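Start counting the sequence shown at 4; every next residue gets the next number (the working numbering). Contents: one structure, followed by commentary.
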Amino acid sequence: MNALTDTGTLAFADAAEWESWLAEHHGSATEVWIRIAKKGSGRTSVTITEALDVALCYGWIDSHRKALDENWYLQRYSPRRPTSSWSRINVGKVEALIAAGRMREPGLAAFRP
């Protein structure tokens, strides 16, 4: 399961753990920093692509990324603001997630391309 790391961030072994956390906290949390393994580090975590897909399903979006050390970086996720613009890339991702049946109600409610 997810764990609060010593840096005050969350770490998820895979997309299912991140989705489980968002299912429970998407309506109450204002942001979260996730520790994500760098490619080639040999460490296991949810990937950056998986993390964004899950975030979009719940109406959340990625923003700031910070290096942590040689194996990890931190990625910030937060709920989308109703007035924020949608990039073409994320519109395409959401359309694919809808087609795959992965979008959740909060994500569908936030989707205004």
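Where a beta carbon is used, it is the ideal one built from N, C-alpha and C, also for glycine. Because the structure is a prediction, the values reported are computed rather than measured.
Below 8 Å, can you find three or more Cβ-Cβ pairs linking the segment 67-75 to the segment 92-110?
Under the Cβ criterion (8 Å, minimum of three pairs), the segment 67-75 does not count as touching the segment 92-110.
Cβ atoms of residue 19 and residue 47: under 8 Å apart, would you say?
Not in contact: residue 47 and residue 19 (Cβ atoms no closer than 8 Å).
Can you round the beta-carbon distance between residue 101 and residue 78 to whole angstroms, since I take them to be within the 8 Å contact cut?
The pair is not a contact, with the Cβ atoms about 23 Å apart (cut-off 8 Å).
Under 8 Å, do residue 109 and residue 61 count as touching if we go by C-beta distance?
yes
Identify, in the order they occur along the chain, each residue of the same chain with its Cβ nearer than 8 Å to the Cβ of residue 85, setting aside the five sequence neighbours on each side.
113, 115
Report the CB separation of residue 41 from residue 74 in whole angstroms; it is logged as a contact under 8 Å.
Correct: roughly 6 Å between the Cβ atoms.
Put residue 67 into one of helix, strand or coil per three-state DSSP.
Residue 67: strand per DSSP, three-state reduction.
Suppose you measure from the CA of residue 59 to the CA of residue 45; what does that come to, to the nearest Å?
27 Å
Can you give me the C-alpha to C-alpha distance between residue 23 and residue 88, rounded to a whole angstrom?
27 Å
Residue 55 and residue 37 - do their beta-carbons sit closer together than 8 Å?
Between residue 37 and residue 55, the C-beta gap is not smaller than 8 Å, which leaves the two residues out of contact.
Tell me the rounded alpha-carbon separation between residue 82 and residue 34.
One C-alpha to the other measures close to 7 Å.
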